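Working notes, beginning with the structure itself.
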DNA sequence: CTAAAATGGACTAGTTCGGTCGGATATAGA
DNA sequence: TCTATATCCGACCGAACTAGTCCATTTTAG
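Residue numbers (this note's numbering), protein chains in the order written: chain H, 113 to 263; chain E, 113 to 263.
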């Protein structure tokens with residue numbers, strides 16, 4: 113699998129939106145949720161975590177909302193994911209967690225850790241700014257010719 | 113997260129073992145399970161999947177067991193994982209699955225797919241043979257000086 | 001014939017995940 | 001000062017998934 117969680121997805125979508133509209137003032141959780149059809153209260157949680165992680169700044173009260181905590185170029189996809197889902201690990205074990213039943217006898221740990229490093233580097237070398245630069249703007253309906261979908 | 117499943121772990125451990133002992137005759141599921149403290153019947157299922165996927169060959173009956181289906185150098189970690197856990201996907205959506213609620217409005221899909229490609233390439237470029245070459249042999253207790261573990 | 005092995009389906013307990021609910025606090029603007 | 005609109009935060013819930021179990025069948029070497 114290696115799939116990232118829905119919360120992490122939502123976080124990246126929100127970060128990308130805020131990066132693309134960095135000029136505008138704070139954007140509310142509600143506005144983001146409606147723009148992307150994300151359950152509002154869940155997105156709110158995600159945004160709060162991003163605030164705790166220092167990736168966003170929040171402004172409470174009427175006309176409040178969220179703004180990037182740092183320049184988009186200085187925040188990586190890896191950071192966003194880690195703030196939401198915790199440490200990036202491919203295996204159950206890590207340098208500080210030997211609790212896996214197979215730890216002592218495991219014969220694939222080292223090579224897998226090395227693969228993990230490559231994955232982390234792929235995620236770390238992509239900045240939120242790059243996410244935002246990737247596609248035109250939001251409402252510009254991405255009219256790419258969708259390939260025929262067969263079940 | 114991005115963690116791979118326990119079954120995939122078990123599969124890799126087994127593949128590595130069989131690659132390292134490719135000279136010997138078939139190894140039984142039971143023997144593998146005992147060597148690595150893996151629940152026997154679960155490992156059996158995993159091995160069966162690997163057979164279906166063509167990565168292993170099985171011999172039934174007394175003194176039966178499993179052997180590599182191809183040279184270890186011709187099987188990648190990516191293949192093993194896919195045979196066990198299905199297609200490698202980072203996002204809920206893919207080229208053939210647009211069922212994600214956010215698909216139409218998603219603004220991070222393309223960059224994430226590109227990251228996925230990098231991950232797949234990391235997994236595809238590591239062969240089972242490399243796994244096996246990585247550490248000495250099995251019982252040679254890896255006496256690496258374990259760093260002090262705190263909490 | 002028998003013991004050891006793979007095969008394969010059904011089932012279960014536990015955990016995680018996505019999502020919801022409710023209340024508390026903060027604040028801009030009328 | 002009052003109110004609508006926000007963030008904040010903890011508790012909760014159902015569904016899906018995961019790891020693991022159980023059991024019955026088939027194959028085959030000795």
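For every residue, glycine included, the Cβ atom is placed at its ideal position computed from N, Cα and C.
Quick caveat, the model's predicted, so the values are computed rather than measured.
Contacts that residue i makes with chain H (C-beta to C-beta distance below 8 Å)
i	result
residue 234 (chain E)	227, 230, 231 and 234
residue 201 (chain E)	113, 114 and 115
Three-way DSSP call (helix, strand, coil) for residue i in this model
i	result
residue 237 (chain E)	coil
residue 129 (chain E)	helix
residue 209 (chain E)	strand
residue 166 (chain E)	coil
residue 152 (chain E)	helix
residue 140 (chain E)	coil
residue 117 (chain H)	coil
residue 189 (chain H)	helix
residue 179 (chain E)	strand
Amino acids of chain E, ordered along the chain, whose beta-carbon sits closer than 8 Å to that of residue i
i	result
residue 242 (chain H)	223
residue 192 (chain H)	Under the 8 Å cutoff, chain E gives no residues; its nearest Cβ is about 10 Å from residue 192 (chain H).
residue 163 (chain H)	Ordered by position in chain E, no residue passes the 8 Å Cβ test against residue 163 (chain H), which lies about 20 Å from the chain.
Per-residue contacts from residue i into chain E (C-beta, under 7 Å)
i	result
residue 129 (chain H)	219
residue 124 (chain H)	220
residue 148 (chain H)	214 and 217
residue 139 (chain H)	Here the premise fails: no neighbours, minimum Cβ distance about 14 Å.
residue 179 (chain H)	What residue 179 (chain H) touches in chain E: nothing, since even the nearest Cβ is about 18 Å away.
Beta-carbon neighbours of residue i, restricted to chain H and to distances below 7 Å
i	result
residue 238 (chain E)	223 and 227
residue 246 (chain E)	222 and 223
Within 8 Å, strictly: CB atoms of residue i and residue j
i	j	result
residue 193 (chain E)	residue 159 (chain E)	no
residue 148 (chain E)	residue 172 (chain H)	no
residue 139 (chain H)	residue 178 (chain H)	yes
residue 246 (chain H)	residue 209 (chain E)	no
Residues near residue i by beta carbon distance below 6 Å, same chain, minus five either side
i	result
residue 126 (chain H)	144
residue 175 (chain E)	none
residue 120 (chain H)	193, 196 and 197
residue 254 (chain E)	Confidence at residue 254 (chain E) is low in this model, with a pLDDT of 38, below 50, so its placement is unreliable and the value that follows should be read with caution. Contacts found: none.
residue 128 (chain H)	243 and 244
residue 188 (chain E)	236 and 239
residue 204 (chain E)	212
residue 156 (chain H)	141
residue 150 (chain H)	122
Residues near residue i in its chain [Cβ-Cβ closer than 7 Å; skip 5 each side]
i	result
residue 123 (chain H)	158, 162, 192 and 196
residue 202 (chain H)	224, 227, 228 and 231
residue 152 (chain H)	141, 142 and 145
residue 190 (chain E)	200, 232, 235 and 236
residue 216 (chain E)	none
Partner residues on chain H for residue i, Cβ-Cβ distance less than 9 Å
i	result
residue 117 (chain E)	113
residue 197 (chain E)	113 and 114
Own chain residues within Cβ distance below 8 Å of residue i, not counting five before or after
i	result
residue 131 (chain H)	180, 184, 240, 241, 243 and 244
residue 117 (chain H)	196 and 197
residue 164 (chain E)	195
residue 133 (chain E)	139
residue 182 (chain H)	166 and 167
residue 169 (chain E)	163, 178, 179, 180 and 181
residue 218 (chain E)	205 and 212
Contact test: residue i Cβ vs the ligand COA heavy atom, cutoff 7 Å
i	result
residue 113 (chain H)	In the structure on display, the ligand COA does not appear, and there are no ligands present to speak of.
Integer-rounded CB distance, given that residue j should sit under 8 Å from residue i
i	j	result
residue 324 (chain H)	residue 114 (chain E)	One cannot answer for residue 324 (chain H) here, as it falls past the ends of chain H, which runs 113 to 263.
Where residue i meets chain E, residues with beta-carbon distance less than 9 Å
i	result
residue 121 (chain H)	203, 204, 212, 214, 218, 220 and 224
residue 158 (chain H)	Those do not exist, as residue 158 (chain H) stays about 13 Å from chain E at its closest Cβ, beyond 9 Å.
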